[in-house]
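Visitor: Numbered per this note's numbering, the sequence shown spans residues 1 to 304. Note that the Cβ used here is the ideal one computed from N, Cα and C, for glycine as well. None of the values given here were measured: they were computed from a predicted structure. Structure in structure tokens, see below.
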Amino acid sequence: MTSRPLRIVLTGFSGRLLALSLALLAVLALAAACGGGESAPAAGKIAFTSSRDGNAEVYVVDADGSGLRRLTDDPASDFFFAWSPDGKRIAFISDRDGNPEIYVMNADGSGQTNLSKSTGADVAPAWSPDGTKIAFTSDRDGNDEVYVVNADGSGLTDLTKNSADDGGPAWSPDGTKIAFTSRRDGNEEVYVMNADGGGQTNLSNNPAKDGGPVWSPDGTKIAFTSLRDDGPGIYVIDAGGSGLARLSAGGDRPAWSPDGTQIAFLSGGEENLEIYVVNAGGSNPTRLTTGGASYPAWSPVQER
Ligand SMILES: [Ca+2]
Ligand SMILES: [Ca+2]
Ligand SMILES: [Ca+2]
Numbered sequence: 001m002t003s004r005p006l007r008i009v010l011t012g013f014s015g016r017l018l019a020l021s022l023a024l025l026a027v028l029a030l031a032a033a034c035g036g037g038e039s040a041p042a043a044g045k046i047a048f049t050s051s052r053d054g055n056a057e058v059y060v061v062d063a064d065g066s067g068l069r070r071l072t073d074d075p076a077s078d079f080f081f082a083w084s085p086d087g088k089r090i091a092f093i094s095d096r097d098g099n100p101e102i103y104v105m106n107a108d109g110s111g112q113t114n115l116s117k118s119t120g121a122d123v124a125p126a127w128s129p130d131g132t133k134i135a136f137t138s139d140r141d142g143n144d145e146v147y148v149v150n151a152d153g154s155g156l157t158d159l160t161k162n163s164a165d166d167g168g169p170a171w172s173p174d175g176t177k178i179a180f181t182s183r184r185d186g187n188e189e190v191y192v193m194n195a196d197g198g199g200q201t202n203l204s205n206n207p208a209k210d211g212g213p214v215w216s217p218d219g220t221k222i223a224f225t226s227l228r229d230d231g232p233g234i235y236v237i238d239a240g241g242s243g244l245a246r247l248s249a250g251g252d253r254p255a256w257s258p259d260g261t262q263i264a265f266l267s268g269g270e271e272n273l274e275i276y277v278v279n280a281g282g283s284n285p286t287r288l289t290t291g292g293a294s295y296p297a298w299s300p301v302q303e304r
């Protein structure tokens, strides 16, 4: 009944920064998928990871609780990561060949395909908004790089090509750019590049740790986490690099509202994490929860 540990990172680097527990990972993968702007499937299905059958597998259930199905069946660890934007496919991570790989399958579990195919750790898959490509983090060449591959497995390309760690890709809503985190300047910075790897630009430019970029729905701004002001805080910067604003003292895992007017985030001590919401300009910070919470994820539709 023991599950092999799978070292993995959700939005950062692949191997050396974080090793999350299996149970926590399952929760985080779902939260990251939703909070990272991945579209929910049109048919109202919820995918998740569970070890209920002895090791981590990917499951799907209808939103009304019916139709529970196990999609993977392998003694290795298989973790749900993200729905394709059209809800027809699922990206997941499996170590069934001995190390973490990016897999894609149809929503019914058929057609499971290894897209990353390396002896390194391949993690943090992010669908392009049009569903034709997946960007991910891999340490196959000795340090983390952001790679992109077509969703059919062709066209694998190293986008970052830098001897420092680069990881945690996030596509702009129009698919033309990818934000990521890089250590090439000696500390973690938020970078943005063209989707073909050109024009790699340091947006955060600060000796403190900066990372975890999340695009606003209209693609004009990027929220990220920084330690620059005596501890973690949520910051927003224009995608072109100007207009830096601090939204909160403290906080992690920013998640934009669908209309881009608000940002939800997680804040508090390890034992009392709660969800807060702040206007995208920084005004009116409000605690939403009491009694504990995990990573926030906005519903893709807002009622008016
Ligand atoms: Ca691998
Ligand atoms: Ca690198
Ligand atoms: Ca920095």
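Starting from the N-terminal side, write out each stretch of the beta strand (DSSP E) that is 3 residues or longer and does not extend beyond the stretch 153–237.
Guide: 166–171, 177–182, 189–194, 210–215 and 221–226, all fully within the stretch 153–237.
Visitor: Can you tell me the Cα-Cα spacing of K209 and E189, whole angstroms?
Guide: As a working mapping, residue 209 is identified with position 209 in the sequence shown. As a working mapping, residue 189 is identified with position 189 in the sequence shown. Whole-angstrom Cα-Cα distance: 7 Å.
Visitor: Closer than 7 Å to a non-hydrogen atom of ligand 1 - does that hold for the CB of A91?
Guide: Walking along the sequence shown from the start, residue 91 turns up at place 91. Checking the Cβ of A91 against ligand 1 gives no.
Visitor: Does the beta-carbon of R246 have 16 or more other beta-carbons within 10 angstroms, so that it is buried, or is it exposed?
Guide: In the sequence shown, residue 246 corresponds to position 246, counting from 1. So R246 counts as exposed.
Visitor: For D238 and Y103, I'd like the C-alpha separation in whole angstroms.
Guide: Within the sequence shown, residue 238 is the residue found at index 238, counting from 1. Within the sequence shown, residue 103 is the residue found at index 103, counting from 1. Those two C-alpha atoms are separated by around 33 Å.
Visitor: Could you give the residue range of the beta strand (DSSP E) that holds D122?
Guide: Taking the sequence shown and counting its residues from 1, the one referred to as residue 122 is at position 122. D122 to W127 is the span of the beta strand (DSSP E), which, as asked, contains D122.
Visitor: Could you tell me which whole beta strand (DSSP E) segments of length 3 or greater appear in the stretch 254–279?
Guide: Taking only runs of at least 3 residues, the beta strand (DSSP E) segments lying wholly in the stretch 254–279 are 262–267 and 274–279.
Visitor: Just to confirm before moving on: does the CB-CB distance between A170 and R183 stay below 8 Å?
Guide: The sequence position of residue 170 within the sequence shown is 170, counting from 1. The sequence position of residue 183 within the sequence shown is 183, counting from 1. Against a cut-off of 8 Å, the Cβ pair of R183 and A170 comes out as no contact.
Visitor: Is the distance from the Cβ of D74 to the Cβ of S94 below 8 Å?
Guide: As a working mapping, residue 74 is identified with position 74 in the sequence shown. As a working mapping, residue 94 is identified with position 94 in the sequence shown. Contact flag set, yes.
Visitor: Pairing CB atoms from the stretch 270–278 with CB atoms from the stretch 213–233, are three or more of them under 8 Å?
Guide: These segments do not touch.
Visitor: Flag D152 as yes when its Cβ comes closer than 7 Å to any non-hydrogen atom of ligand 1, and as no otherwise.
Guide: Position 152 of the sequence shown, counted from the first residue, corresponds to residue 152. Checking the Cβ of D152 against ligand 1 gives no.
Visitor: Starting from the C-beta of N162, find all residues in its chain whose C-beta is less than 6 Å away, skip the five residues before and the five after it, and write them out in chain order.
Guide: As a working note, residue 162 is residue 162 in the sequence shown. R184, listed in sequence order.
Visitor: How long is the line joining the alpha carbons of A91 and V58, rounded to whole angstroms?
Guide: Taking the sequence shown and counting its residues from 1, the one referred to as residue 91 is at position 91. Taking the sequence shown and counting its residues from 1, the one referred to as residue 58 is at position 58. Approximately 10 Å, taken between the alpha carbons.
Visitor: Going residue by residue through the stretch 53–87, where are the continuous alpha helix (DSSP H) segments of at least 4 residues, counting only ones entirely within it?
Guide: Entirely contained in the stretch 53–87, not one alpha helix (DSSP H) run reaches 4 residues.
Visitor: Can you tell me whether DSSP reads L115 as helix, strand or coil?
Guide: Taking the first residue of the sequence shown as position 1, residue 115 is located at position 115. In the structure shown, L115 sits in coil (DSSP, three-state: anything other than H, G, I, E or B).
Visitor: In its own chain, which residues sit with a C-beta less than 7 Å from the C-beta of W127, not counting the 5 before and 5 after it?
Guide: Residue numbering aside, residue 127 sits at position 127 when the sequence shown is read from its first letter. Hits under 7 Å: E38, A82, S84, P85, A91 and I134.
Visitor: Cβ of A264 within 8 Å of Cβ of P296?
Guide: Sequence index remark: in the sequence shown, residue 264 carries index 264 (1-based). Sequence index remark: in the sequence shown, residue 296 carries index 296 (1-based). Yes.
Visitor: Quick one: grab the DSSP three-state call for R246.
Guide: As a position in the sequence shown, residue 246 is number 246, starting the count at 1. DSSP places R246 in strand when its eight states are reduced to three.
Visitor: Heavy atom of ligand 2 less than 7 Å from the Cβ of A164, yes or no?
Guide: In the sequence shown, residue 164 corresponds to position 164, counting from 1. Yes, the beta carbon of A164 sits closer than 7 Å to at least one heavy atom of ligand 2.
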